[in-house]
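J.: Residue numbers (this note's numbering): 260 to 819.
For each residue, glycine too, the CB sits at the ideal point set by N, CA and C.
Quick one: the structure is below, questions incoming.
In structure tokens form, the structure reads like this:
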């Protein structure tokens, strides 16, 4: 609709069109309501300048998010000045525009969308962001693109905060630092983050579709369309050796009881790493290395059975060892290959990621696995059987101070959980209190054999020496030994079920990111490399955390 010249009365059709436009703008300003899924405007069809205004609440939320990291952004803005004329778009204004694009659920986080949103802002807001130029020229895509490219260069080359990191990780460190500052502004400090859940998800995923073998036997056809068929896998652009498309997103989410004060914590996303597909999760260890450098004090990590595939040096850089060196306990599910009992060289039996007494009852060694199809009653009944076997598991006695992130384990009889003839001091306990280990009659400790040899040498010669685990008071377990199995919270027990039951919070985080509070989906970005998508997805996670915090505060009536 063309503007009506000043002093010329409007026609009836123009008046109705103006009324419709005003009503549409009023509805858009109220699109995002507190504690509800944000529904906002999209680009209005027509000229390139046509853009629906973001709501006032969108603007206030973007300011609240960015004000928590204003000093950090200003530091990069100062580094971007350099010689010559200063660029017209500040880092704060650039991040502000990207946050509005994410909040308004536009078609994608593109430079053109960012420019259109910034142009559509009221004059007072554009002046506040420094987007009004002296010659009154309009903001261009080239200016925003240049500023973003310069920011990536400054982070990768000049930033002293991440000088000790590889160049490829500095962009991720920058984005995670912004997330950390936002959480600190909400009262969640790094020292409050003790228990997290970790998982991976594909975003912007093309597909490699396996054609029906009856048509073409063993042939794989690669396509850009993730809806081309079942069994999608990240592929390259249109052909097997083309440019990679899509990313794997690795994140950690806070679980309940993550605070020092013991109060419940919202399931916000604490950190993330963006990786190229088909890497087998090799970047997941980098995620925890990055969290350690940012000051997070993690105690436990909950992960699904896919994490067991990272226990090999060939894939994940021995993920279990790297967590053990940081004194982080891993609570994970087990696949069929990791549940097979196996004897250790010192006589201990590896079973379901824990050390078990070699004389434990045979009926408790192999138990059925927990399944998602089980009812709550079935799961609790199975957990009670694992609790019975837990009495025969070795217990941690010392972890702090053990070299290389290892731990010292104590025999269950010495730990007071069972009675054992090989440990005489344990036999003073009543049989009603703890069970007795069925030790074979022809097995004895070296001291017992020596004492019997003084009385009956022939009987002593028939005895077999007990394994080392029954003789030593403790066993030092290095994390490099069976790294894909050991976890201190024994698999299958009630304690493990309660701890592992908090892992789905990371799935809820992906649901919030992709559906509920943001819309990171296919077509969300079109950039080469990981740098720019890492920054944009970091901002999307900040917006998602902001909405999670608002919902959490509304639920528990909390005022921050």
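Out of 648, 462, 448 and 702, which has the shortest C-alpha to C-alpha gap to residue 554?
T.: Closest option to residue 554, Cα to Cα, is 448.
J.: Return the first residue and the last residue of the beta strand (DSSP E) that residue 591 is part of.
T.: 588-591 is the extent of the beta strand (DSSP E) around residue 591.
J.: Is the beta carbon of residue 557 closer than 8 Å to that of residue 687?
T.: No.
J.: If you check the beta carbons only, do residue 668 and residue 736 fall under 8 Å apart?
T.: For residue 668 and residue 736, yes; Cβs fall inside 8 Å.
J.: For the structure I just gave you, are there three or more beta carbon pairs, one from the region 577-591 and one from the region 629-644, closer than 8 Å?
T.: Too few Cβ pairs lie closer than 8 Å, so no.
J.: Starting from the Cα of residue 731, find the closest Cα among 795, 814 and 706 and give me that residue.
T.: Considering only alpha carbons, the answer is 706.
J.: Over the uninterrupted beta strand (DSSP E) stretch that includes residue 734, give me the two end residues.
T.: Element bounds for residue 734: 733-736.
J.: Is residue 706 close to chain C? Criterion is C-beta to C-beta, closer than 8 Å.
T.: You won't find chain C in this structure, because it holds only one protein chain.
J.: Taking three-plus beta-carbon pairs below 8 Å as touching, is the region 783-794 in contact with the region 619-629?
T.: No, they do not touch.
J.: Looking at C-alpha atoms only, which residue of 709, 710 and 682 is the closest neighbour of residue 698?
T.: Considering only alpha carbons, the answer is 682.
J.: If you pair each beta-carbon of the region 321-330 with each one of the region 424-441, do three or more pairs fall below 8 Å?
T.: A contact exists between the region 321-330 and the region 424-441.
J.: Can you check the region 753-787 for any alpha helix (DSSP H) of at least 4 residues that lies completely inside it and give the ranges in chain order?
T.: Fully enclosed alpha helix (DSSP H) runs of 4 or longer: 753-759 and 764-770.
J.: Do the CB positions of residue 680 and residue 654 come within less than 8 Å of each other?
T.: It is not a contact, given that the beta carbons lie outside the stated cut-off.
J.: Below 8 Å, how does it come out for the region 802-816 and the region 771-780: are there three or more Cβ pairs, yes or no?
T.: Segments in contact, yes.
J.: Cβ of residue 580 within 7 Å of any heavy atom in the ligand GTP?
T.: In terms of ligand content, the structure shown is empty, and the ligand GTP therefore cannot be addressed.
J.: Which residue comes first and which comes last in the alpha helix (DSSP H) that contains residue 534?
T.: That residue, residue 534, is in no alpha helix (DSSP H); its beta strand (DSSP E) goes 528-534.
J.: Looking only at C-alpha atoms, which of 652, 450 and 433 sits nearest to residue 611?
T.: Residue 611 has its Cα closest to that of 652, out of 652, 450 and 433.
J.: Any idea what DSSP makes of residue 669, helix, strand or coil?
T.: Residue 669: strand per DSSP, three-state reduction.
J.: Take every Cβ of the region 542-550, pair it with every Cβ of the region 426-433, and state whether three or more of those distances are shorter than 8 Å.
T.: Yes, the region 542-550 touches the region 426-433.
J.: Determine the direct distance from the alpha carbon of residue 535 to that of residue 502, and round the result to whole angstroms.
T.: Because the pLDDT of residue 502 is 44, which lies under 50, any placement of that residue in the model is unreliable, and the number read from its coordinates should be weighed accordingly. Distance between the alpha carbons of residue 502 and residue 535 is about 11 Å.
J.: Give me, in chain order, the residues of the same chain whose beta-carbon lies closer than 6 Å to that of residue 566; leave out the 5 immediate sequence neighbours on both sides.
T.: Only 591 meet the Cβ criterion.
J.: Please state the DSSP three-state secondary structure of residue 559.
T.: Note: residue 559 maps to strand in three-state DSSP.
J.: Determine the burial state of residue 446: buried for a count of at least 16 other Cβ atoms within 10 Å of its Cβ, exposed for fewer.
T.: With fewer than 16 other Cβ atoms within 10 Å, it is exposed.
J.: Would you please state the rounded distance, in angstroms, between the beta carbons of residue 374 and residue 339? I believe it to be under 8 Å.
T.: About 18 Å; that fails the 8 Å criterion.
J.: Look up residue 703 in the DSSP assignment and give the residues it is bridged to.
T.: Residue 703 is bridged to 724.
J.: Quick one: what's got a C-beta closer than 7 Å to residue 355's C-beta in the same chain, skipping five residues either side?
T.: These residues qualify, in order along the chain: 321, 325 and 388.
J.: For residue 800, which of 450, 406, 728 and 527 has the nearest alpha-carbon?
T.: The shortest Cα separation from residue 800 among 450, 406, 728 and 527 belongs to 527.
J.: Is the Cβ-Cβ distance between residue 802 and residue 362 less than 8 Å?
T.: Contact: yes.
J.: In chain order, what residues of the same chain lie with their CB nearer than 8 Å to the CB of residue 271, ignoring the 5 residues before and after it?
T.: Excluding sequence neighbours, residue 271 sits near nothing in its chain.
J.: Residue ranges of each alpha helix (DSSP H) run of no fewer than 4 residues wholly in the region 357-412, ordered along the chain?
T.: Counting whole runs of 4 or more residues, the region 357-412 contains the alpha helix (DSSP H) stretches 370-379 and 382-387.
J.: Please name the residue or residues paired with residue 608 in a DSSP beta bridge.
T.: Paired residues: 602 and 615.
J.: Identify, in the order they occur along the chain, each residue of the same chain with its Cβ nearer than 7 Å to the Cβ of residue 761, setting aside the five sequence neighbours on each side.
T.: 456, 514, 515 and 561, listed in sequence order.
J.: Helix, strand or coil for residue 809, going by three-state DSSP, please let me know.
T.: In this structure, residue 809 counts as helix in the three-state DSSP scheme.
J.: So, helix, strand or coil for residue 491, using DSSP?
T.: Annotation note: pLDDT 38 at residue 491 (below 50); position unreliable, no value reported.
J.: Of the choices 441, 579, 380 and 350, whose alpha-carbon is the least far from that of residue 409?
T.: Of the listed residues, the one whose Cα sits closest to residue 409 is 350.
J.: For residue 677, which of 692, 415 and 603 has the nearest alpha-carbon?
T.: Among 692, 415 and 603, the Cα nearest to that of residue 677 is on 692.
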